[in-house]
Amino acid sequence: MSSPRTSDVLVIGGGIIGLVTAWRAAQRGLATAVVDPEPGGGAAQVAAGMLAAVTELHYGEQTLLGLNLASARRYPEFVAELTEVTGQDVGHRQCGTLAVALDADDRAHLRELHTLHRQSGLDSQWLSGRECRRLEPMLAPGVRGGLLACDDHQIDPRRLAGALVTACERAGVVFHRVWAERLSVVGDRAAGVVTRDGETLGAAQVVLAGGSLSGRLAGVPDDVVPPVRPVKGQVVRLSVPKPYAPFLSRTVRAMVRGSHVYMVARENGELVIGATSEEQGWDTTVTAGGVYELLRDAHELVPGITELPLTETQAGLRPGSPDNAPLLGPTELPGLLLATGHFRNGVLLTPVTGDALAHALTTGELPDEARAFTPRRFAAALTERPALTEQPV
Ligand code: GLY
Numbered sequence: 001m002s003s004p005r006t007s008d009v010l011v012i013g014g015g016i017i018g019l020v021t022a023w024r025a026a027q028r029g030l031a032t033a034v035v036d037p038e039p040g041g042g043a044a045q046v047a048a049g050m051l052a053a054v055t056e057l058h059y060g061e062q063t064l065l066g067l068n069l070a071s072a073r074r075y076p077e078f079v080a081e082l083t084e085v086t087g088q089d090v091g092h093r094q095c096g097t098l099a100v101a102l103d104a105d106d107r108a109h110l111r112e113l114h115t116l117h118r119q120s121g122l123d124s125q126w127l128s129g130r131e132c133r134r135l136e137p138m139l140a141p142g143v144r145g146g147l148l149a150c151d152d153h154q155i156d157p158r159r160l161a162g163a164l165v166t167a168c169e170r171a172g173v174v175f176h177r178v179w180a181e182r183l184s185v186v187g188d189r190a191a192g193v194v195t196r197d198g199e200t201l202g203a204a205q206v207v208l209a210g211g212s213l214s215g216r217l218a219g220v221p222d223d224v225v226p227p228v229r230p231v232k233g234q235v236v237r238l239s240v241p242k243p244y245a246p247f248l249s250r251t252v253r254a255m256v257r258g259s260h261v262y263m264v265a266r267e268n269g270e271l272v273i274g275a276t277s278e279e280q281g282w283d284t285t286v287t288a289g290g291v292y293e294l295l296r297d298a299h300e301l302v303p304g305i306t307e308l309p310l311t312e313t314q315a316g317l318r319p320g321s322p323d324n325a326p327l328l329g330p331t332e333l334p335g336l337l338l339a340t341g342h343f344r345n346g347v348l349l350t351p352v353t354g355d356a357l358a359h360a361l362t363t364g365e366l367p368d369e370a371r372a373f374t375p376r377r378f379a380a381a382l383t384e385r386p387a388l389t390e391q392p393v
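Numbering follows full-length UniProt numbering, with no gaps: position 4 of the sequence shown is 4.
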């Protein structure tokens with residue numbers, strides 16, 4: 001790096017996706033910087049941290065499943081490396097997930113999911129209601145059956161974000177704690193950003209990893225603007241007093257009258273209940289209705305939660321993309337790469353995203369496993385988009 005204001009790689013956005021990209025790039029010998037007023041913030045501060053490749057599978061998302069599974073397989077080694085580098089525990093709990101049904105409709109939905117698992121070669125086991133309650137005695141007596149996915153684990157995204165900041169610092173990543181206001185384009189290349197302070201940060205390659213805000217950076221040519229939208233998720237955090245832990249031994253989830261609810265129980269007693277899924281634009285208000293629905297559905301699943309202290313309510317924004325899959329790698333603008341649009345799978349996809357972006361930054365190409373997620377798949381649609389309001393990321 002010739003000056004702290006220029007780098008080989010500049011990552012816009014210091015959420016977990018931007019951080020893992022920066023860490024992996026720096027490990028490959030690239031002089032790397034991150035621009036973000038609060039590195040380690042963003043959606044990871046809200047996310048529950050399910051690594052749910054199996055229980056969050058949807059019809060039509062088989063290509064995404066391949067990437068999700070590739071990332072899930074990488075998690076143990078990724079966590080071991082991160083822990084060794086930083087000395088920090090990131091709350092990786094290899095506990096599996098139990099998805100249960102409370103009525104006939106929800107049971108039919110789970111049966112469909114089980115069929116999809118079998119068609120996709122995934123490991124999940126159908127259990128009776130009694131077998132579910134044997135695994136999780138706090139479940140409601142009315143549970144009608146469930147699916148045990150032994151490979152869907154969990155991590156604590158807040159701790160993951162903190163560890164990635166430390167890993168980046170140890171790898172020599174420079175942090176510019178300021179908003180990126182505008183992409184700087186020189187000739188036909190992305191050349192850095194102009195910050196809200198009016199300073200220019202130059203870079204040979206720029207990675208836009210701004211989560212739900214990725215489509216709002218000024219200066220990005222219209223045909224390259226990522227088609228990412230915010231999808232609001234509200235969560236509630238409860239705390240299990242120590243003498244009663246473990247309240248749940250694994251992640252428990254269900255479809256209750258058509259809405260998803262999940263309960264992620266951490267070893268430290270935190271119990272995260274999530275999440276709403278709302279197309280509300282940039283609104284991050286925690287609403288009485290959102291909290292009511294989460295607690296009502298979680299209470300039907302595990303009646304004992306009403307005894308627990310409520311410690312936090314929050315809303316965050318998932319970066320949704322038109323096909324629910326991420327946008328990774330080079331764009332049509334030379335020098336600009338994307339790492340965004342991870343929607344419901346940002347935490348799960350963190351390891352594979354770091355590896356894919358590091359590969360792209362050093363070779364100009366995505367690795368085979370990530371090739372389907374090129375932003376170029378939306379190129380035709382992008383040229384038809386209306387101009388976006390210019391906003392900082
Ligand atoms: N993957 C969980 C969520 O997006 O709510």
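No residue lacks a Cβ here, since even glycine has one placed at the ideal position from N, Cα and C.
- Under the Cβ criterion (8 Å, minimum of three pairs), the stretch 220 to 239 counts as touching the stretch 301 to 312.
- Counting along the chain, H299 sits inside the alpha helix (DSSP H) bounded by residues 288 to 301.
- When the alpha-carbon of R253 is set against those of I12, D36, A48, P39, the nearest one is in A48.
- Rounded to whole angstroms, the separation of the alpha carbons of P319 and T340 is 7 Å.
- Contact check between the stretch 174 to 192 and the stretch 295 to 303: fewer than three CB pairs, one atom from each, fall below 8 Å, which does not count as touching.
- Nearest Cα to A31 within the set A70, A203, W282, I16: A203.
- Using a cutoff of 7 Å, the CB of E56 counts as near the ligand GLY, since one of the ligand's heavy atoms is closer than that.
- In terms of Cβ geometry, V173 and A356 do not form a close pair [threshold 8 Å].
- Within its own chain, the residues whose Cβ lies closer than 6 Å to the Cβ of L336, once the five positions on either side in sequence are excluded, are A190, V206, listed in chain order.
- For the alpha helix (DSSP H) assignment, the uninterrupted runs of no fewer than 4 residues enclosed by the stretch 12 to 45 are, from N- to C-terminal side, 16 to 27.
- G274 has Y262 as its beta-bridge partners, per DSSP.
- Y59 counts as exposed, since fewer than 16 other beta carbons sit within 10 angstroms of its beta carbon.
- Distances taken from the Cβ of G258 to the heavy atoms of the ligand GLY include none shorter than 7 Å.
- Bounds of the alpha helix (DSSP H) holding H359 are 350 to 363.
- Looking at the backbone, the Cα of E61 and that of L10 are separated by about 31 Å.
- For the options A104, L333, G41, the alpha carbon positioned closest to that of L164 is the one of G41.
- Under DSSP, the beta-bridge partners assigned to A149 are T97.
- By the Cβ criterion, the stretch 144 to 156 is in contact with the stretch 120 to 136, since at least three pairs of Cβ atoms, one from each stretch, lie closer than 8 Å.
- Secondary structure of T340 (DSSP, three-state): strand.
- Distances taken from the Cβ of A52 to the heavy atoms of the ligand GLY include one shorter than 7 Å.
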